[in-house]
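Numbering (the working numbering), first residue to last: 27 to 124.
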């Protein structure tokens with residue numbers, strides 16, 4: 027079965043974050059903070075069935091919902107822009123952190 031790997035990356039400043047996948051809450055933390063040296067705040071992964079997967083992220087008083095097509099292991103990076111917008115990127119390869 028495919029694995030969805032989610033990295034909370036840039037822009038998190040000791041704030042609560044909630045992530046739901048396919049309508050189920052799968053991640054909740056009260057103080058997510060980006061480690062600026064490496065650009066990573068937190069991460070988690072789930073084994074899910076193949077197909078379109080709905081990801082819903084709530085942080086800093088805003089939410090974003092996006093669809094991730096799962097066939098194999100898929101990596102999703104989620105960041106918060108300086109304007110407070112939640113953005114994401116999808117990759118078939120793991121993101122690099124120094």
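Ideal Cβ placement from N, Cα and C applies to all residues, glycine included. The structure presented is a predicted model; accordingly, all values stated were derived computationally and were not measured.
Item, Value
"Under 8 Å, with one C-beta from each stretch per pair, do the stretch 84 to 104 and the stretch 28 to 46 reach the 3-pair mark?", "yes"
"Should residue 93 be labelled buried (16 or more other beta-carbon atoms within 10 Å of its own) or exposed?", "exposed"
"Are there 16 or more other CB atoms within 10 angstroms of the CB of residue 64, so buried, or fewer, so exposed?", "exposed"
"Report the residue from 69, 66, 68 and 91 whose alpha carbon sits nearest the alpha carbon of residue 78.", "91"
"Which one or two residues does DSSP pair with residue 50 in a beta bridge?", "47"
"Checking 8 Å against the spacing of the C-beta atoms, do residue 69 and residue 98 come in under that value?", "no"
"Residue 92 lies in the beta strand (DSSP E); which residues open and close that run?", "88 to 96"
"Relative to the C-alpha of residue 89, which candidate in 60, 114 and 118 has its C-alpha closest?", "114"
"So, helix, strand or coil for residue 13, using DSSP?", "The requested residue 13 does not occur in the structure, where the chain is confined to residues 27 to 124."
"Taking residue 67 as the reference, which of 55, 59 and 87 has the closest Cα?", "59"
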